[in-house]
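J.: If you scroll down you'll find the structure; I have some questions about it.
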Amino acid sequence: EEPEAQRALLDRAAGAYGRAAALGSAPIWGRDTRPAAGISLGLPSPRRFTWISALNGQGVLQVEAGLYPEAIAAFSETLRYAPRNEAAYASRALARLSLGTQVAGEGGVEVDAAQYRQAILDLQKASDLSPQHASYYLWLGLAHHSFSQLSTVPGDESPGSVDLLAEAYYYYNRALAVEEQAGGQALEPEQRERALTGLGWVAYARQQYDAALAAFEAATEAGPESYEAWLALGYALYALERYEEALPAWERAAELEPGSPIALFSLGALHWRLGRAPGHDRCSEYGQAAGYFERGAAVEDLWPQAAADQALTYRAAAQLQYLLGDCPGFDQVTAYVKAVTGYARAVELDPQAAYWWRKGRLSYAVATLRRESNPPEARAWVYRAIDDIGQAIKAAPGEPVYLHDQAWMLYVAWTWSNKRGLTEHEGLLQARANLRAALALEPDDRGASYRPNFWLDVVEPEAVAGTLALGDGRREAGDSAGALAYYELVARHAPELAQGAFSAGLACLALGDAEGALAWYGEGLQRAAAAGDEASPEEALVALYLAGDESLPAGPVLALF
Numbered sequence: 010e011e012p013e014a015q016r017a018l019l020d021r022a023a024g025a026y027g028r029a030a031a032l033g034s035a036p037i038w039g040r041d042t043r044p045a046a047g048i049s050l051g052l053p054s055p056r057r058f059t060w061i062s063a064l065n066g067q068g069v070l071q072v073e074a075g076l077y078p079e080a081i082a083a084f085s086e087t088l089r090y091a092p093r094n095e096a097a098y099a100s101r102a103l104a105r106l107s108l109g110t111q112v113a114g115e116g117g118v119e120v121d122a123a124q125y126r127q128a129i130l131d132l133q134k135a136s137d138l139s140p141q142h143a144s145y146y147l148w149l150g151l152a153h154h155s156f157s158q159l160s161t162v163p164g165d166e167s168p169g170s171v172d173l174l175a176e177a178y179y180y181y182n183r184a185l186a187v188e189e190q191a192g193g194q195a196l197e198p199e200q201r202e203r204a205l206t207g208l209g210w211v212a213y214a215r216q217q218y219d220a221a222l223a224a225f226e227a228a229t230e231a232g233p234e235s236y237e238a239w240l241a242l243g244y245a246l247y248a249l250e251r252y253e254e255a256l257p258a259w260e261r262a263a264e265l266e267p268g269s270p271i272a273l274f275s276l277g278a279l280h281w282r283l284g285r286a287p288g289h290d291r292c293s294e295y296g297q298a299a300g301y302f303e304r305g306a307a308v309e310d311l312w313p314q315a316a317a318d319q320a321l322t323y324r325a326a327a328q329l330q331y332l333l334g335d336c337p338g339f340d341q342v343t344a345y346v347k348a349v350t351g352y353a354r355a356v357e358l359d360p361q362a363a364y365w366w367r368k369g370r371l372s373y374a375v376a377t378l379r380r381e382s383n384p385p386e387a388r389a390w391v392y393r394a395i396d397d398i399g400q401a402i403k404a405a406p407g408e409p410v411y412l413h414d415q416a417w418m419l420y421v422a423w424t425w426s427n428k429r430g431l432t433e434h435e436g437l438l439q440a441r442a443n444l445r446a447a448l449a450l451e452p453d454d455r456g457a458s459y460r461p462n463f464w465l466d467v468v469e470p471e472a473v474a475g476t477l478a479l480g481d482g483r484r485e486a487g488d489s490a491g492a493l494a495y496y497e498l499v500a501r502h503a504p505e506l507a508q509g510a511f512s513a514g515l516a517c518l519a520l521g522d523a524e525g526a527l528a529w530y531g532e533g534l535q536r537a538a539a540a541g542d543e544a545s546p547e548e549a550l551v552a553l554y555l556a557g558d559e560s561l562p563a564g565p566v567l568a569l570f
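When we follow this note's numbering, the leftmost residue of the sequence shown carries the number 10, and every step to the right adds one.
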């Protein structure tokens, strides 16, 4: 390429990289409805990144995306012969930042802390050699700002977020202070917007929202077409609870970048918040919020999203559908089913316990709405809810609320059942086990949302005595095999109780299964001893007989059954 054409290409590449690496310009993606308090790392999307370049000057190279190690080697070679070439230091720094910040798939990034450290050293050297070059200070601010977002570095200590933020703040101000008339190379308008946006995010991270607002307002003036500046302005206004003013800022951001899921999520969160504010129509705001979240969950026309981020958006859309179920013109069952579907998409993308739990609670809500009009469908929804809560328990076995909620749902399934056979009573015994486990984790009831003591009092009689009674009924009717099935349910699900084991032993004896009877009676005696109880004379007699005491005649023993 001719030098001027090559330089023009590199200038375009530098602008593209600067936009992609505007590390202080976008909030962290992955948050609840509250405003994010951080800066994204790396490149917004591979769509927006093709070239990395250095400053104008000697040694500027055209670097195709992905050739960063070769670029670093070339700039290092240049510096061997021109050790005071500040442009080469800056070029090598930008190549290192790009090598150290790689798109990792699904919209994520991978960061190499060592490359960031070396890049910062190169930029400091460049600024020392050319102290009136504002761009070097801007890139130093961006590099420190990005590095500050790393809470930990694999194989290394934390980079120290607070100090790095202070460094970023210092260098942003240094960049803005360089003036053309003083012989310096001041920032271009787009670079000035980037520095102001960075300053604003530093203030935002320190919860200095008024200062952040002032910086973001100045950024929108410097770069009125900057998506990042308008998005940031909305966050400062939201943090200051100036919600109506945040709305046009985020609408402008979405207009400038229609493919931004962040802008859509932000607008959804804002309308959700406005739905709870005085003077706003709750249902209208919730409807708009749901629309933004549903658009934000789509992937076809948006920037790449990490699975967890997309799941969060589905979760938000689902929760809005649930809230819309109470609004005029909405069918509650339809809204709730749509909410369940949204959570189903969320758990496909990010199967975290909280999503499974919420999906289960919503499925139960559908069941209660369908109970009178369609009892079979209602029972099916209850079992869906039980299965969903079961997935939450698998994901977070130490959460007592999940154990508690599945327990009372199992009891409800039993009460709604037309027949209360083995399956239903196994559910009751599982409910009892859940409640005992929940009490071991959190022994005190908490209002209406967590009442394990109450529910255990309700469930216990039907789970243990009720199941044994069904077995006794089968035994009295001559169905020893049926009796054994109920007795073994209690014996397996209530391992601290001896009665289930003794009853199972008697049923085995009646079936002619001496080996099984001996095993269950031995188990019953161990459980009784562990609990400090004594076996009844009849139970002890059978146990001795089964153990081979030849002094006991078989007739009297069998007569016990």
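C-beta: ideal position from N, C-alpha, C; glycine also. The structure presented is a predicted model; accordingly, all values stated were derived computationally and were not measured.
Could you give the distance in angstroms between the alpha-carbon of Phe274 and the alpha-carbon of Asn462?
T.: Here residue 274 corresponds to residue number 265 of the sequence shown, with the count starting at 1. Here residue 462 corresponds to residue number 453 of the sequence shown, with the count starting at 1. Using only the alpha carbons, I get a separation of about 41 Å.
J.: Applying the criterion that 16 or more other CB atoms from any shown protein chain within 10 Å of the CB defines a buried residue, is Val308 buried or exposed?
T.: On the sequence shown, residue 308 is found 299 positions in, with the first residue counted as 1. Answer is exposed; the Cβ neighbour count stays below 16.
J.: Could you give the C-beta distance for Ala245 and Ser235, rounded to a whole number, given that I count them as a contact under 8 Å?
T.: Here residue 245 refers to the residue found at position 236 of the sequence shown. Here residue 235 refers to the residue found at position 226 of the sequence shown. Actually they do not touch by this definition, with Cβ atoms about 15 Å apart.
J.: Could you please give the first and the last residue of the uninterrupted alpha helix (DSSP H) stretch that includes Lys134?
T.: Here residue 134 refers to the residue found at position 125 when the sequence shown is read from its first residue. From DSSP, the alpha helix (DSSP H) with Lys134 extends over 122-138.
J.: Among residues of its own chain, excluding the 5 on either side of Gly571, which ones have a beta-carbon nearer than 8 Å to its beta-carbon?
T.: Since the displayed the chain opens at 10 and closes at 570, residue 571 lies outside it and no answer follows.
J.: Specify, as a first and last residue, the run of the alpha helix (DSSP H) that Arg89 falls within.
T.: The residue you call residue 89 lines up with position 80 of the sequence shown. Run containing Arg89: 77-90, per the alpha helix (DSSP H) assignment.
J.: Are the region 512-532 and the region 484-500 in contact at 8 Å, needing three or more beta carbon pairs?
T.: Verdict: yes, contact present.
J.: For His142, which residues does DSSP report across the bridge?
T.: Along the sequence shown, one-based indexing puts residue 142 at 133. Beta-bridge pairing links His142 to Gln194.
J.: Just how far apart, CA to CA, sit Ala404 and Trp417?
T.: For the purposes of this step, residue 404 is identified with residue 395 of the sequence shown, where counting begins at 1. For the purposes of this step, residue 417 is identified with residue 408 of the sequence shown, where counting begins at 1. For Ala404 and Trp417, the distance between alpha carbons rounds to 19 Å.
J.: Please state the DSSP three-state secondary structure of Arg501.
T.: In the sequence shown, counting from the first residue as 1, residue 501 sits at position 492. Residue state, collapsed to three classes: helix.
J.: Compute the Euclidean distance between the alpha carbons of Gly430 and Gly436, then round it to the nearest angstrom.
T.: Numbered from 1 along the sequence shown, position 421 holds the residue referred to as residue 430. Numbered from 1 along the sequence shown, position 427 holds the residue referred to as residue 436. Their Cα atoms are separated by approximately 10 Å.
J.: What number of angstroms, rounded off, separates the C-alpha of Leu520 from the C-alpha of Arg483?
T.: Within the sequence shown, the letter at position 511 stands for residue 520. Within the sequence shown, the letter at position 474 stands for residue 483. C-alpha separation (whole angstroms): 13 Å.
J.: In its own chain, which residues sit with a C-beta less than 7 Å from the C-beta of Val585, not counting the 5 before and 5 after it?
T.: Residue 585 lies beyond the residue range present for the chain, which begins at 10 and ends at 570; the question has no answer from this structure.
J.: Where Pro360 and Arg183 are concerned, what is the direct C-alpha to C-alpha distance, given to the nearest angstrom?
T.: Here residue 360 refers to the residue found at position 351 when the sequence shown is read from its first residue. Here residue 183 refers to the residue found at position 174 when the sequence shown is read from its first residue. If I take the Cα positions, the gap works out to 46 Å.
J.: DSSP has Arg455 in a bridge; who is on the other side?
T.: Working through the sequence shown from its first residue, we reach residue 455 at position 446. The partner list for Arg455 (beta bridge, DSSP) reads Tyr459.
J.: What first and last residue would you give for the alpha helix (DSSP H) that runs through Ala400?
T.: Counted from its first residue, the sequence shown places residue 400 at position 391. Reading the sequence as shown, one finds Gln at residue 400 and not Ala. Taken as a continuous stretch (DSSP letters only), the alpha helix (DSSP H) holding Gln400 covers 384-404.
J.: Quick check: the Cα distance between Thr343 and Tyr77, rounded to an integer number of angstroms?
T.: Locating residue 343 in the sequence shown gives position 334, counting from the first residue. Locating residue 77 in the sequence shown gives position 68, counting from the first residue. The alpha-carbon atoms of Thr343 and Tyr77 are separated by roughly 53 Å.
J.: Which value, in whole angstroms, describes the spacing of the CA atoms of Gly399 and Tyr179?
T.: In the sequence shown, the residue the question calls residue 399 occupies position 390. In the sequence shown, the residue the question calls residue 179 occupies position 170. Roughly 52 Å separates the two Cα atoms.
J.: According to the Cβ coordinates, are Ala326 and Leu358 closer than 8 Å?
T.: As a working note, residue 326 is residue 317 in the sequence shown. As a working note, residue 358 is residue 349 in the sequence shown. Going by C-beta atoms, Ala326 is not nearer than 8 Å to Leu358.
J.: Measure the C-alpha to C-alpha separation of Gly39 and Asp340 and round it to an integer number of angstroms.
T.: For the purposes of this step, residue 39 is taken as residue 30 along the sequence shown, with counting starting at 1. For the purposes of this step, residue 340 is taken as residue 331 along the sequence shown, with counting starting at 1. Note that Gly39 scores a pLDDT of 29, beneath 50, so its modelled location is shaky; the value from the coordinates is reported in the next line. Each residue's Cα considered, the two are about 31 Å apart.
J.: When you compare the CB positions of Leu106 and Tyr98, do they come within less than 8 Å of one another, or not?
T.: Translated into the one-based positions of the sequence shown, residue 106 becomes position 97. Translated into the one-based positions of the sequence shown, residue 98 becomes position 89. Not closer than 8 Å, so no.
J.: Pick from Arg285, Leu419, Tyr301, Leu506: whose alpha carbon is nearest that of Arg370?
T.: Position 361 of the sequence shown, counted from the start, is the residue given in the question as residue 370. The candidate whose alpha carbon is nearest that of Arg370 is Leu419.
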